[in-house]
Each structure stands twice: as C-alpha cells, then as structure tokens.
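Step one of this worksheet: look at the structure below.
Numbering (the UniProt record's numbering), first residue to last: 1 to 196.
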C-alpha cells in the first residue's frame with residue numbers, strides 16, 4: 001500500500017485539501033485527530049500523561065487541553081515527553097487502519113512530518129503552502145486566536161521553503177479553486193507513478 005504524507009504549516013489549508021483528495025476516493029487518516037481521540041480513549045495514555053503533567057491533565061476523564069497547552073508552552077521538554085507516549089500508539093493505530101484500506105494509495109495528514117524526521121515513513125509527501133498573512137488570518141478566524149499566538153506556533157514549525165525542498169509535491173493554497181486543480185493533477189500523477 002502506497003502511503004502519501006500530507007503536511008503544511010498551521011493555517012495552510014491542509015484539512016480543506018484532504019477533503020479534496022477524499023472526494024477522489026482516497027482514504028484519509030488525520031494523525032492529529034486520531035491522537036486526540038486516543039488521548040481520551042486509552043487508559044494507558046491517560047495514566048502516563050497524568051504521571052507527566054499531574055492530576056489536572058484530565059477533568060472527568062476528558063483531556064484538559066488548555067492546561068496541557070499552557071504546560072507545554074512553558075516547557076518544550078514536556079512536548080517531547082507527551083509525544084513519546086502518544087506517537088507510538090498513533091503509529092500502531094495507523095498500521096491497523098492501513099490493513100483495512102483497499103485503494104491504490106492513502107493519505108496520512110501530519111503537521112510535523114519533517115520536524116519529527118518522519119519523512120522515511122512515506123512513499124510521497126505533499127506540502128500545502130499559503131502566504132503567511134493569509135495563514136494567520138485563517139487561524140484567527142478558525143480558532144479565535146491572537147496574531148501573536150499564531151506566530152509563536154509558526155516559529156516552532158519549519159519554514160515553507162525548507163518543507164518544499166523535502167517534498168515530492170507542493171500545493172499553493174492561496175486560492176481554493178486553483179488549489180483543487182493542483183490536488184487533482186497530483187492525484188493523477190500519483191496513480192500514474194503507482195501503476196508505472
């Protein structure tokens with residue numbers, strides 16, 4: 001099974017383009033969404049995160065996201081500890097999901113493929129890019145976030161230039177109709193490469 005990674009900085013429009021590929025019949029796996037679900041569902045993860053962050057990590061068996069975010073923001077080493085707990089579980093969940101798929105290829109969306117040096121897990125990688133001002137505005141509109149907060153998240157992600165160098169395909173997503181055309185072209189190219 002061919003696994004295509006889809007990545008891009010915050011606000012680049014990854015989710016919108018995933019829907020595009022989904023409409024072409026490509027099975028989609030969103031790593032972040034599955035991680036959040038597992039953090040709420042798995043008692044093992046829950047125990048380990050409480051060990052790291054303390055009892056306030058969960059409230060009524062639900063992950064206390066704002067609390068974790070504030071802790072990680074203050075101490076980057078906690079992010080690495082949390083990832084060491086969550087990522088292996090997501091990886092094994094993905095493997096069992098993959099076995100059930102029957103399409104020529106699947107897309108696994110993960111925001112920090114390059115930052116975590118995971119590019120070798122993918123046959124091809126698509127990076128979604130957009131102008132910085134547009135990305136910031138999208139996130140402010142979506143999350144009611146502040147410009148400063150969005151910029152601080154961007155600082156922890158690789159630049160678009162660095163991601164582009166490491167990618168097989170790039171979708172420029174300043175204009176949705178144009179981006180959809182690029183996605184369709186890439187879809188056809190991937191199918192050709194798989195069948196070559």
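Yeah, the Cβ is synthetic: ideal placement off N, Cα and C, and Gly gets one too.
Euclidean distance between Cα positions of residue 166 and residue 195: 23 Å
Outcome for residue 50 when other beta-carbon atoms lying within 10 angstroms are tallied against a minimum of 16: Exposed, since its Cβ has fewer than 16 Cβ neighbours within 10 Å.
Just reading off the alpha helix (DSSP H) that residue 67 is part of, what are its end residues? 65-74
Restricting to Cα atoms, I'd like to know which of 5, 2, 11 is closest to residue 142. 11
Helix, strand or coil, according to DSSP, for residue 3 in the structure here? strand
Between 109, 38, 169, which lies nearest to residue 82 when the distance is taken from Cα to Cα? 38
To the nearest angstrom, how far is the alpha carbon of residue 159 from that of residue 118? Between the C-alpha atoms of residue 159 and residue 118 there is a straight-line separation of about 16 Å.
Residues in its own chain within less than 6 Å of residue 152 by CB, not counting five upstream and five downstream? none
Verify whether the separation of the beta carbon atoms of residue 5 and residue 169 is less than 8 Å. no
Counting only the same chain and skipping the five closest in sequence on each side, list residues whose C-beta sits under 8 Å from that of residue 157. 9, 10, 111, 112, 115
For the putative contact between residue 120 and residue 17, defined by C-beta atoms under 8 Å, what is the C-beta separation to the nearest angstrom? With a Cβ gap of about 23 Å, residue 120 and residue 17 do not count as contacting.
Tell me, please, whether the segment 96-112 touches the segment 57-67 by the rule of three or more beta-carbon pairs shorter than 8 Å. no
Quick one: Cα of residue 24 to Cα of residue 135, how far? 25 Å
Is residue 34 near the ligand ATP, judged by its Cβ being under 7 Å from some heavy atom? Of the ligands one can find in the structure shown there are none, so the ligand ATP has no counterpart to examine.
Is residue 284 helix, strand or coil by DSSP? Any question about residue 284 goes unanswered here, given that the chain covers just 1 to 196.
Secondary structure of residue 113, DSSP reduced to three states: Here residue 113 sits in coil by DSSP.
Collapsed DSSP secondary structure at residue 124 in the structure displayed: strand
When you compare only the Cα positions, how much space is there between residue 84 and residue 92? 13 Å
Between the beta-carbon of residue 127 and the beta-carbon of residue 71, is there less than 8 Å? no
Output yes or no for whether 8 Å exceeds the beta carbon distance between residue 30 and residue 22. With respect to residue 22, residue 30 sits apart: the two C-beta atoms are not nearer than 8 Å.
For residue 133, which option in 56, 147, 103 has the closest C-alpha, if you only look at C-alpha atoms? With distances taken between Cα atoms, residue 133 lies closest to 147.
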